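Step one of this worksheet: look at the structure below.
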Amino acid sequence: MTEAENKRSLASSRQTQAMDPCLAQAGVSVGFDQRLAPQDLAGSIAHARMLGATGLVSPEESRLMVEGLTRLAEETREGTFPWDPALEDVHMNLEKALTDRIGPAGAKLHTARSRNDQVALDERLYLRDVIGQVTKDLWDLRASLTAKAEAVGEAPMPGYTHLQRAQPILLAHHLLAYYQMLKRDAGRLRDLAARLTEMPLGSGALAGTGLPIRADWVAEELGFPELAANSLDAVASRDLLIEFLAFGAILMTHLSRFAEDLVLWCSTEFGLAELPDSLTTSSSMMPQKKNPDGAELIRGKAGRAIGNLVTLLTVVKGLPMSYNRDLQEDKEPLFDTVDTLALALPLATRLVEGLEFRLERLRLLADDPYTAATDLADHLVRRGEPFRVAHRQVGALVAHCWAKKIGLRDVEPEVLVSFCPKAEPQVLQGLTLEALLVARDKTPGGVAPRLVAERTRQAKAELAAEKERGRL
Ligand code: ARG
């Protein structure tokens, strides 16, 4: 086959005119889908072996193909492969290179295969490959949060709702809240991995094939437990990618909230924590600045991850069955989320590791003059006051204190009883910061130091078990 024939046979058979350059330019994907080369070649190698084993090609042709594809795998790995945009995508580039190198046998590789089922397979293999790395990066971040929680021990901090000081909590409890979110994120990724069972090759362009292939052999070689149950679904669906992007969007949203906490904590106004110089930047104009750019970048990059999810949902939502070329637009959002996670997760881990808390100040702010208000109301409830009545009485007492510029604990017993007739006169003296914290022990997720220590141990055990089960 001549060079020109080879290119033409790969490109189009029906067209009698050269492709309009505008269409050619819009259709080129090799600039980004070359990232699928390892998966594309692994799929082709399994396919070529199957073609030989079934007799669809001769054993010699199959051997030549596998050898040629293996060489291409090396070249693409080393970065020496000459990608050609004129050949549109990763699939045609590799197939043409194979035919160039091994001759006519190369032209048999695409037997019983379409790029539609080929790309569906490549993407499943790719997802399987990246899930391992993301799971590991996510594990590291969860481990850094539990290590930090352990390191800060029983240090109290003010807890917020509406960004208003609400009740005292433990700093470890705040950190472990993120551990819980990230644990669910890891679970979402595991769910997705468990759903990546169907091998789509053999679905052809959309309807399967009449050639006597053995897709089950390909599935076995590539480690898929089953074959696609519906060929239209196999080439047309992208919900597994969408699921990954949804996972990425949710995870980045969690990291973004954590980043926002860091930005606030490290501000002069809050002054709750500090980052090491190595994790901050200066200003090009103001030499005194120490900016938490790492946290801000994570917060900013969450936008991309959310955008990538919306992009793919939007691409897919209006497509008639089955394959449509719109689906080629699935790759850039996928790769972008993979790249974003590869940057954001290790960066977040470094930020957690580097955080230095100002524990004295955290304690001071946690010991707010009014945070005992809820506990005072609870005390009245224990003594028979309906909660709404207790709430009103304590609210009036706080207003009184506020006007007098005194804290709750400075209220004289007679004044207390005048606002809250059912109150034990000495109750306020007992409502110390420690007492407030220790009291929150009636639900397993409460902030009592005993429970937080238990949750920390549990988180560490979960991480160890995951490591043990080889999920990393
Ligand atoms: N590059 C294409 C994609 O990613 C491969 C499939 C092309 N199929 C087709 N019928 N034009 O979707």
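In short: position in the sequence shown from 1, add 898, done, that's this note's numbering. C-beta: ideal position from N, C-alpha, C; glycine also. Only a predicted model underlies this, so the values are computations on that prediction, with no experimental measurement involved.
Proximity winner among the options, relative to residue i (alpha-carbon distances)
i, options, result
"arginine 1248", "Glu1360, Asn1128, Leu1326 and Lys1046", "Lys1046"
"aspartate 1159", "Leu1314, Ala1049 and Tyr1076", "Tyr1076"
"arginine 1088", "Ala1126, Ala1070, Phe1142 and Ala1132", "Phe1142"
"valine 964", "Ala1003, Glu986 and Thr974", "Ala1003"
"lysine 1199", "Pro980, His989 and Leu1241", "Leu1241"
"alanine 935", "Phe1168, Lys1229, Ala1171 and Glu1048", "Lys1229"
"glycine 1121", "Phe1255, Gln915 and Leu1094", "Leu1094"
"glycine 1328", "His1298, Asp1273 and Thr1341", "Asp1273"
"alanine 1271", "Leu1263, Leu1295 and Glu1258", "Leu1295"
"glycine 1106", "Ala1117, Ala1092, Glu1119 and Ala1126", "Ala1126"
"alanine 1134", "Ala1363, Tyr1024, Arg1013 and Leu954", "Arg1013"
"aspartate 931", "Lys1340, Trp981 and Asp1035", "Trp981"
"alanine 1049", "Ala1337, Glu1254, Thr978 and Arg1112", "Glu1254"
"glutamate 1119", "Pro1267, Leu1019, Arg1086 and Arg933", "Leu1019"
"asparagine 1189", "Leu1170, Pro1311 and Ser1165", "Ser1165"
Residues bridged to residue i (per DSSP)
i, result
"leucine 1125", "Met1097"
"alanine 1171", "Phe1255"
"glycine 1057", "Gln1065"
"asparagine 1014", "Note: asparagine 1014 sits in no beta bridge, so no partner."
"asparagine 1189", "Thr1179"
8 Å Cβ cutoff met for residue i and residue j
i, j, result
"isoleucine 1067", "methionine 1079", "no"
"alanine 1010", "leucine 939", "no"
"leucine 949", "serine 942", "no"
"serine 841", "lysine 1187", "This structure gives no information on residue 841, because the portion of the chain shown stretches from 899 to 1370."
"threonine 1235", "alanine 1193", "no"
"leucine 1262", "isoleucine 1196", "no"
"leucine 1306", "leucine 1326", "yes"
"threonine 1059", "leucine 1361", "no"
"alanine 1053", "leucine 1260", "yes"
"alanine 1363", "leucine 1074", "no"
Residue i classed as buried or exposed, judged by whether at least 16 other C-beta atoms fall within 10 angstroms
i, result
"lysine 1096", "First, the amino acid is wrong: residue 1096 is glutamate here, not lysine. Per the 10 Å Cβ criterion, buried."
"lysine 1215", "exposed"
"glutamate 1167", "exposed"
"arginine 1280", "exposed"
"glutamate 1124", "exposed"
"glutamate 1332", "exposed"
"alanine 916", "exposed"
"proline 1347", "buried"
"aspartate 1015", "buried"
"cysteine 920", "exposed"
"proline 1231", "buried"
"tryptophan 1300", "exposed"
"alanine 1132", "buried"
"serine 1129", "buried"
"phenylalanine 1156", "buried"
"glutamate 1283", "buried"
"lysine 1006", "buried"
"alanine 1264", "buried"
"alanine 1182", "Contrary to the premise, residue 1182 reads as serine rather than alanine in this sequence. Exposed: under 16 other Cβ atoms inside 10 Å."
Count the CB pairs spanning the stretch 963–980 and the stretch 991–998 that are closer than 8 Å, and state whether there are at least three. yes
Three or more C-beta pairs under 8 Å: does that hold for the stretch 1207–1214 against the stretch 1135–1152? yes
Kindly confirm or deny that the stretch 920–933 and the stretch 986–995 touch, where touching means at least three C-beta pairs closer than 8 Å. yes
Under 8 Å: do the stretch 1284–1302 and the stretch 1313–1321 share three or more Cβ pairs, one atom per stretch? yes
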